[in-house]
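A.B. asks: Under UniProt numbering, think of the first position of the sequence shown as 1, with each following residue one higher.
A virtual CB, placed ideally from N, CA and C, is assigned to each residue, including glycine.
Below is a structure I'd like to ask you about.
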Amino acid sequence: MMEAHIERFFTIWNEAGLPPCYLVGGYPRNSLLGLAGTDLDVASPAPPQALCALPAPEIVLEERAYGLGTVVVKQRFGDALYVYEYTAFRCDNYGRGGAHTPKKVRFTDDIREDALRRDFTVNALYMGADGTVADPTGRGLAALAEKTIGQVTPETLTQDALRILRMVRFAAELGFTVEQDTWECAKAHIGGLADISRERIRDEFVKILMADTKHGIPGGVLCGLHMLKDLGAFSYIVPALTEGDGMEQNTEYHAYDVLEHSLQACACAPADLVTRLAALLHDIGKPAVFRETGKMVGHDKRGAALALAALNGLRFDKETAGEVGALVGAHMFDLDNRAGRKAVARMIVKLGERQFLRLADVREADFCGSGKGNPALSAGKWRETLRELKEKDAPISLEQLAVNGDDVMRELHIPPGKRVGKILLALQAYALKKPSQNSYKNLVRYAKIINTRENE
Ligand code: ATP
Ligand code: MG
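Here it is in structure tokens:
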């Protein structure tokens, strides 16, 4: 059964006298699999200008790219607004560079031709107004039943290497395997990723890292990462990671080499992008540091710089890159579980609550990804320390301190400058130790003591 708004969409489409329209791509694929949640892609032989026949204001047309044959169609239905991406049937040739902007577009009214320009057979199924499904490649329904991803033509992946990452992503999200000949083709043409824009690589990579969240199918992230490794795709995504391939580690703590450990750790991490990226990249500094010094000491700091560079290279936003870098830089903290309450509190203040909790997740992912089955050290203790501090209302962040910079300047008659910050940090350390002292009066009194001490 189709949803009421989709039935209504087909009705008004047909009333407008347009040629038959189909849902294509994710909707038919997912609904046949019994999976929910996808955007609505629709297609028909009608040129996009013809969509003006659809009745306003029930239908609003936006982002019209008539030349490319695409229009964003919005449907008002009750109080809701539904968005359809319309594409006129076409046969197109993609230019290199992953821009996904066809070099030349030729429209067609032949559904078979439209199917041939699509990426995978399971993405080339067309669902009509009555719910029946057309399978113009003749292989889509079989692939769906066998849970496989196969390219539509032998040239599909060679024309646009971004499709190789889409292949991995769909396999990871849906729990499908890749058909043998499609796999061989992907492997042979992996070098085409060098022509794809960093942004488009990043977007697919992120979806692979979060694959299990799309349909709630477990195991997808590790499968996706293994596919990337086996295809040699990491050289085009995060090249520094590949140096860990075959780099053996102390077998007392590790069952895997550095790269495999990184992939395992990433897949163990909870579904938060920053945490998963940090787990994936936490040991990225090991090969370089080991090469230079013969030891692993300092791989955390080197790793932070390499992780930041890798994420900047993929055009991640500054916040994400900075947060991942900070976690990589801190991932060796308290590895022997000997840090006391004061040291843990200092790390909480340094990272902030959200990042600190991620660090605990990274520590657990690190142990989980070692393949040795050892329980993670420290993380439980850290969370407990945080819980205690919060229970006592200890000022984990400066905003929670009962005085701010203005108060310090006014009460101590000092000008703005570094000194103000230093005093605030000293007050915070004091109030973390004695949360009951976090009141305006007490802190000002203490600030005056520090101030005179520093003036002496
Ligand atoms: P989902 O929306 O669930 O991620 P989808 O299959 O709908 O999956 P979209 O990216 O929305 O994926 O694309 C819709 C359809 O357009 C695809 O199913 C496929 O048929 C076609 N398509 C999208 N991108 C490409 C591409 N790079 N090459 C060939 N066909 C593509
Ligand atoms: Mg879609």
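Give me the Cα-Cα distance between residue 170 and residue 277, rounded to the nearest whole angstrom.
C.D. replies: Within the sequence shown, numbered from 1, the residue matching residue 170 stands at position 170. Within the sequence shown, numbered from 1, the residue matching residue 277 stands at position 277. Answer to the nearest angstrom: the Cα atoms are 20 Å apart.
A.B. asks: Got a sec, what are the start and stop residues for the alpha helix (DSSP H) residue 212 sits in?
C.D. replies: Translated into positions along the sequence shown, residue 212 becomes position 212. Per DSSP, residue 212 belongs to the alpha helix (DSSP H) from 211-215.
A.B. asks: Rounded to the nearest angstrom, what separates residue 83 and residue 280 at their Cα positions?
C.D. replies: Taking the first residue of the sequence shown as 1, we reach residue 83 at position 83. Taking the first residue of the sequence shown as 1, we reach residue 280 at position 280. Rounded to whole angstroms, residue 83 to residue 280 spans 35 Å at the Cα level.
A.B. asks: Note the first and the last residue of the continuous beta strand (DSSP E) segment covering residue 76.
C.D. replies: By 1-based counting over the sequence shown, the position of residue 76 is 76. Residues 70-77.
A.B. asks: Closest to residue 377 by C-alpha separation, out of 332, 198, 129, would be which residue?
C.D. replies: In the sequence shown, counting from the first residue as 1, residue 377 sits at position 377. When only C-alpha atoms are compared, the closest one is 332.
A.B. asks: Does the ligand ATP have a heavy atom nearer than 8 Å to the CB of residue 124?
C.D. replies: Residue 124 sits at position 124 when you count from the first residue of the sequence shown. Yes, Cβ of residue 124 sits closer than 8 Å to a heavy atom of the ligand ATP.
A.B. asks: Quick one: residues in its chain with C-beta nearer than 6 Å to the C-beta of residue 157, no 5 flanking neighbours on either side, listed in chain order?
C.D. replies: Position 157 of the sequence shown, counted from the first residue, corresponds to residue 157. Contacts found: 151, 163, 164, 185, 186, 189.
A.B. asks: Measure the C-alpha to C-alpha separation of residue 115 and residue 311 and round it to an integer number of angstroms.
C.D. replies: Here the question's residue 115 lines up with position 115 in the sequence shown. Here the question's residue 311 lines up with position 311 in the sequence shown. The straight-line gap from Cα to Cα measures roughly 36 Å.
A.B. asks: Would you mind listing the alpha helix (DSSP H) stretches within the segment 367-402 that are 4+ residues and don't spill past its ends, in chain order?
C.D. replies: Whole alpha helix (DSSP H) segments, 4+ residues: 379-391.
A.B. asks: Determine the closest residue to residue 29 out of 133, 203, 417, with distance taken between C-alpha atoms.
C.D. replies: Stepping through the sequence shown from its first residue, residue 29 is reached at position 29. Of the listed residues, the one whose Cα sits closest to residue 29 is 133.
A.B. asks: Find out if the Cβ-Cβ distance for the pair residue 120, residue 143 is shorter than 9 Å.
C.D. replies: As a first step, residue 120 is located in the sequence shown; it is residue number 120 there, counting from the start. As a first step, residue 143 is located in the sequence shown; it is residue number 143 there, counting from the start. Yes.
A.B. asks: So is the beta-carbon of residue 67 under 8 Å away from any non-hydrogen atom of the ligand MG?
C.D. replies: Working through the sequence shown from its first residue, we reach residue 67 at position 67. For the ligand MG, not one heavy atom lies less than 8 Å from the Cβ of residue 67.
A.B. asks: Any heavy atom of the ligand MG inside 8 Å of the beta-carbon of residue 27?
C.D. replies: Here residue 27 corresponds to residue number 27 of the sequence shown, with the count starting at 1. Because some heavy atom of the ligand MG lies under 8 Å away, the Cβ of residue 27 counts as near it: yes.
A.B. asks: Would you report the Cα separation of residue 458 and residue 111, rounded to the nearest angstrom?
C.D. replies: Residue 458 cannot be examined here, being either before or after the span of the chain that is shown, 1 to 456.
A.B. asks: May I ask you to report which of helix, strand or coil DSSP gives residue 247?
C.D. replies: Within the sequence shown, residue 247 is the residue found at index 247, counting from 1. Of the three classes helix, strand and coil, the one that applies to residue 247 here is coil, per DSSP.
A.B. asks: With respect to the alpha helix (DSSP H) encompassing residue 59, which residues constitute its N-terminal and C-terminal limits?
C.D. replies: Taking the sequence shown and counting its residues from 1, one reaches residue 59 at position 59. Where residue 59 is concerned, there is no enclosing alpha helix (DSSP H), although the beta strand (DSSP E) it sits in stretches over 59-65.
A.B. asks: Excluding sequence positions up to five away, which residues of its chain have a Cβ less than 6 Å from the Cβ of residue 266?
C.D. replies: The residue labelled residue 266 in the question sits at position 266 within the sequence shown. So the qualifying residues of the chain are 276, 279, 280.
A.B. asks: In chain order, what residues of the same chain lie with their CB nearer than 6 Å to the CB of residue 232, ignoring the 5 residues before and after it?
C.D. replies: As a first step, residue 232 is located in the sequence shown; it is residue number 232 there, counting from the start. Taken in chain order, the residues that qualify are 190.
A.B. asks: How about residue 284 and residue 269: are their beta carbons less than 9 Å apart?
C.D. replies: Here residue 284 is taken as the residue at index 284 of the sequence shown, counted from 1. Here residue 269 is taken as the residue at index 269 of the sequence shown, counted from 1. Their beta carbons are not under 9 Å apart, which means residue 284 does not touch residue 269 by this criterion.
A.B. asks: So who's on the other strand from residue 41, going by DSSP bridges?
C.D. replies: The residue you call residue 41 lines up with position 41 of the sequence shown. Answer by DSSP bridge pairing, in chain order: 24, 85.
A.B. asks: Quick one: Cα of residue 87 to Cα of residue 314, how far?
C.D. replies: Locating residue 87 in the sequence shown gives position 87, where the first residue counts as 1. Locating residue 314 in the sequence shown gives position 314, where the first residue counts as 1. Cα to Cα, the separation comes out at about 29 Å.
A.B. asks: Tell me whether residue 173 is buried or exposed, calling it buried when 16 or more other Cβ atoms sit within 10 Å of its Cβ.
C.D. replies: Walking along the sequence shown from the start, residue 173 turns up at place 173. So residue 173 counts as buried.
A.B. asks: How is the alpha helix (DSSP H) around residue 235 delimited, first residue to last?
C.D. replies: Here residue 235 refers to the residue found at position 235 when the sequence shown is read from its first residue. Per DSSP, residue 235 belongs to the alpha helix (DSSP H) from 234-237.
A.B. asks: So residue 459 and residue 261 are supposed to be a Cβ contact under 8 Å. How far apart are they, rounded?
C.D. replies: Here the chain covers residues 1 to 456 and nothing more, so residue 459 does not appear.
A.B. asks: Are the CB atoms of residue 263 and residue 369 within a distance shorter than 9 Å?
C.D. replies: Position 369 of the sequence shown holds residue 369. Position 263 of the sequence shown holds residue 263. Result yes, Cβ atoms of residue 369 and residue 263 sit closer than 9 Å.
A.B. asks: Closer than 8 Å by C-beta to residue 12: which residues in its own chain qualify, once you throw out the five before and the five after it? Chain order, please.
C.D. replies: Here residue 12 refers to the residue found at position 12 of the sequence shown. Only 54, 55, 58, 59 meet the Cβ criterion.
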